[in-house]
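Before any comments, here is the structure.
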Amino acid sequence: MKFSDAARPQLSDHRSRRRRRQAGAEARARRAEAAAGLPDWERLREAGAAIRERTLRDLGTHLEELEVSVIEEDGRVHWARDAAEAKRIITSLVGGETDVGLVRSDVTDEIGLKSRETGPYTKAAVVGAGFLVAETGTLVVADPGESLTFPGTLIAVAGIEDTVPAWSDLEVLLQLLPRSAVGRRMHPAVSFRTGGFDLVLLDNGRTRVLADETGRSALRCIHCSACSDVCPIYERTGPRPYGPGRAGPIGAVLTPQLRGVEAPLEASLPFASTLCGACADVCPVKIDIPGLLVHLRGEVVESRRNRPVPAPELLLMRGLAWSMGDRRRYEHTLMSRARWARLLARDGRIRRLPGLFGKWTDARDLPAPPRQSFRAWWRRRR
Amino acid sequence: MSAREEILGRVRAALGDPGAAVVPVPRDYRRWADLPRADVVALFGERVADGRAAVRHVGTDELATAMAAMLWAREAKRVVVPADLPTSWLAGLDGVRVLADVPDLDPAALAETDGVVTGCALAIAETGTIVLDGGRAQGRRELTLVSRHHLCVVHADQIVGTVPEAIERLDPYLPLTWISGPPEGRTFEVLVVED
Chain S
54 MKFSDAARPQ LSDHRSRRRR RQAGAEARAR RAEAAAGLPD WERLREAGAA IRERTLRDLG
114 THLEELEVSV IEEDGRVHWA RDAAEAKRII TSLVGGETDV GLVRSDVTDE IGLKSRETGP
174 YTKAAVVGAG FLVAETGTLV VADPGESLTF PGTLIAVAGI EDTVPAWSDL EVLLQLLPRS
234 AVGRRMHPAV SFRTGGFDLV LLDNGRTRVL ADETGRSALR CIHCSACSDV CPIYERTGPR
294 PYGPGRAGPI GAVLTPQLRG VEAPLEASLP FASTLCGACA DVCPVKIDIP GLLVHLRGEV
354 VESRRNRPVP APELLLMRGL AWSMGDRRRY EHTLMSRARW ARLLARDGRI RRLPGLFGKW
414 TDARDLPAPP RQSFRAWWRR RR
Chain B
10 MSAREEILGR VRAALGDPGA AVVPVPRDYR RWADLPRADV VALFGERVAD GRAAVRHVGT
70 DELATAMAAM LWAREAKRVV VPADLPTSWL AGLDGVRVLA DVPDLDPAAL AETDGVVTGC
130 ALAIAETGTI VLDGGRAQGR RELTLVSRHH LCVVHADQIV GTVPEAIERL DPYLPLTWIS
190 GPPEGRTFEV LVVED
């Protein structure tokens, strides 16, 4: 289903909208205060963006280093091409154990894992990783519940991009993440564990994103969700219309890239934005989300170019290109359209355009065009 | 082809030649808090208190008395401590049963305690964080998770200013837990010992 159709029922749910508006305002205030608490916040963002970009540019090398480090510290590494394969691997690692807890993350949601929370004596835990340090093989989890403590089976799940090259990179990321994610100086608890766990590394479309030089930067994401907190669209629609993937602005750029822009939902997500740029302003790793949205809008249009029945906007654009390609045609079109528009106008305003254009005037008036075009006026003036 | 080969192959195909451009990381952010030593310690106290934990600053000779007072205020009757906790810390206790976690107490026994007393590996002033690494006076990680109340003793010289200082000092090969505030439904107190 298209984003705009899925959003409609959410928009008429006024109670949820009020709740989201309040929660959003609180989250924004907390985050802004937390960021203002560090005099070098902007420098940390620069460093964070560079660390993540460096990770992605040489991801193959970092993944191999991570694998070696984890194995050296008595861990095991499993690779999953897609969500189904990840689920199979996890099921077989858990074995017959029924006492399994989950520490959820965006990646565990992506695979569709559901389980109860971990308790202090859970025998096996499946944990969505925060960061994985390639240099040391360290698993870092913010707000780990009670699962990283006990000697039972520990299974960490991560996207291939959740790797960071060096231990020292954490000095940047562990300042950016808590202030952006929960608006605090630090998460109430952060756990680090090196070795002794099973690591499942998930592709599921990420290598496809990586191949797009522009789109790639979306994989810098450290899963803080600050972009959702500041997004005027997200505040009004909530997470559901974004579909089964990630919600908010980062979802609107990642989902179409991970799954292609052919289906209605994926094709509509790049348009689920006013391009106001608030997300880019808060992103701790400086992902240019509005830029990516525009890039993806272009891809959506490209993918539709060769359809047997052209889209209305494509016809319109072709018509415009034809009439604007020649001076005489342009002046003729301008004159005749202006005459039509003046016929539709009342008191100098057009309240409703005919046909498909009517949607545009649903929420605004169009001023009537003047009697004389600029060109005509200019010619007469001389 | 195995999933590993396939994924790594796709990664390399997607990126082309990575050696061409290594992204430089600008590291001109602050590494140290620009504060005198005494202010770093004071900042730590403020930030811990901000995180809904009680803080007390005492001199070394007042440690035992202060600890007894803090546990008394919590009405703690049974506390568990790591086996290597300095006995002098507990010298002032009166009417509190102290269980050393050796051999490891079973979950039922742990559940019956009113609190745990530990030291820490390091503390971070700017974030109000204490870090446990399983080292001296810290015991098993279970202790601080199961217990209703955690009283943590921090020596002033264990307090660093910033996160970069902490990352530099900590050993990634030890199981680290960073605590910045009490977990849901539990209480957390910090006793800062200054010389």
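These protein sequence lines map, in sequence, to chains S and B. Take the first sequence: its position 270, counting from 1, is numbered 323 in this note's numbering, and each next residue is one higher. Take the second sequence: its position 162, counting from 1, is numbered 171 in this note's numbering, and each next residue is one higher. Ideal Cβ positions, reconstructed from N, Cα and C, are used throughout, including at glycine.
| Query | Result |
| --- | --- |
| Start and end residues, alpha helix (DSSP H) containing Arg-289 (chain S) | 285-290 |
| Glu-366 (chain S): first and last residue of the uninterrupted alpha helix (DSSP H) it sits in | 365-377 |
| Of the residues S:Ala-242, S:Ala-76 and S:Gly-344, the one placed nearest Ile-139 (chain B), counting alpha carbons only | S:Ala-242 |
| Counterpart residues of Ile-133 (chain B) in DSSP-defined beta bridges | B:Thr-138 and B:Val-169 |
| Contact residues within the stretch 207-227 of chain S, judged by C-beta distance below 9 Å to chain B | Ile-213, Trp-220, Ser-221, Asp-222, Leu-223, Glu-224, Val-225 and Leu-227 |
| Spatially closest choice to Ile-403 (chain S) from S:His-276, S:Ala-421 and S:Cys-329, by CA coordinates | S:Ala-421 |
| is_contact[Trp-430 (chain S), chain B] using C-beta, thresh 9 Å | no |
| Cross-chain neighbours of Ala-88 (chain S) in chain B, by beta carbon under 8 Å | Within chain B, no residue comes near Ala-88 (chain S); the closest Cβ sits about 13 Å away, beyond 8 Å. |
| Neighbour flag for Phe-245 (chain S) against chain B, beta carbons, 9 Å | yes |
| Backbone secondary structure at Phe-245 (chain S) - three-state DSSP | strand |
| Interface residues of chain B facing Pro-241 (chain S) [CB-CB closer than 7 Å] | Ser-189, Gly-190 and Pro-192 |
| Check whether Asp-256 (chain S) and Arg-19 (chain B) have beta carbons under 9 Å apart | yes |
| Nearest-angstrom beta carbon gap, Gly-258 (chain S) and Arg-299 (chain S) [assumed within contact, 8 Å] | With 8 Å as the limit, Arg-299 (chain S) and Gly-258 (chain S) do not qualify as a contact, their Cβ atoms being about 12 Å apart. |
| Residue-chain proximity (Leu-24 (chain B), chain S), Cβ-Cβ < 9 Å | yes |
| Pairwise C-alpha distance: Glu-120 (chain S) and Arg-13 (chain B) | 10 Å |
| Contact belief for Tyr-287 (chain S) with Gly-301 (chain S) at Cβ below 8 Å, rounded distance in angstroms | 5 Å |
| Exposure label - Ser-244 (chain S); buried when at least 16 CB within 10 Å | buried |
| Interface residues of chain B facing Asp-93 (chain S) [CB-CB closer than 7 Å] | Tyr-38 and Arg-39 |
| Cys-161 (chain B) - partner residues in DSSP beta bridges | B:Thr-127 and B:Val-199 |
| Buried or exposed (CB count within 10 angstroms, at least 16 for buried), Thr-186 (chain B) | buried |
| Backbone secondary structure at Pro-420 (chain S) - three-state DSSP | strand |
| For Glu-170 (chain S), three-class secondary structure by DSSP | strand |
| For Leu-254 (chain S): DSSP bridge partner residues | S:Trp-132 and S:Ala-211 |
| With 16 other Cβ atoms within 10 Å as the buried cut-off, status of Trp-220 (chain S) | buried |
| Cut-off 8 Å between Cβ atoms - residues of its own chain near Gly-401 (chain S), not counting five sequence neighbours on either side | Pro-420 and Ala-421 |
| Collapsed DSSP secondary structure at Leu-97 (chain S) in the structure displayed | helix |
| Residue-chain proximity (Gly-137 (chain B), chain S), Cβ-Cβ < 9 Å | yes |
| DSSP-derived helix/strand/coil call for Thr-191 (chain S) | strand |
| Segment limits, alpha helix (DSSP H) that includes Leu-187 (chain B) | It is Trp, not Leu, that sits at residue 187 (chain B) in the sequence shown. Not the alpha helix (DSSP H): Trp-187 (chain B) falls in the beta strand (DSSP E), residues 185-188. |
| DSSP beta-bridge partners of His-66 (chain B) | B:Val-201 |
| Where Thr-308 (chain S) sits in the DSSP three-state scheme | helix |
| Burial state of Phe-56 (chain S), where buried means 16 or more other Cβ atoms lie within 10 Å | buried |
| Contact list for Leu-44 (chain B) against chain S, beta-carbon separation under 7 Å | What Leu-44 (chain B) touches in chain S: nothing, since even the nearest Cβ is about 12 Å away. |
| 9 Å Cβ cutoff, Arg-206 (chain B) in contact with chain S | Only positions 10 to 204 of chain B appear in the structure, and residue 206 (chain B) is not among them; the question remains open. |
| Stretch-stretch touch, CB-based, cutoff 8 Å, three pairs: the stretch 213-227 of chain S with the stretch 98-108 of chain S | yes |
| Beta-carbon proximity list for Pro-4 (chain B), same chain, < 8 Å, skipping 5 on both sides | Because chain B is modelled from 10 through 204, residue 4 (chain B) falls outside the range shown and cannot be assessed. |
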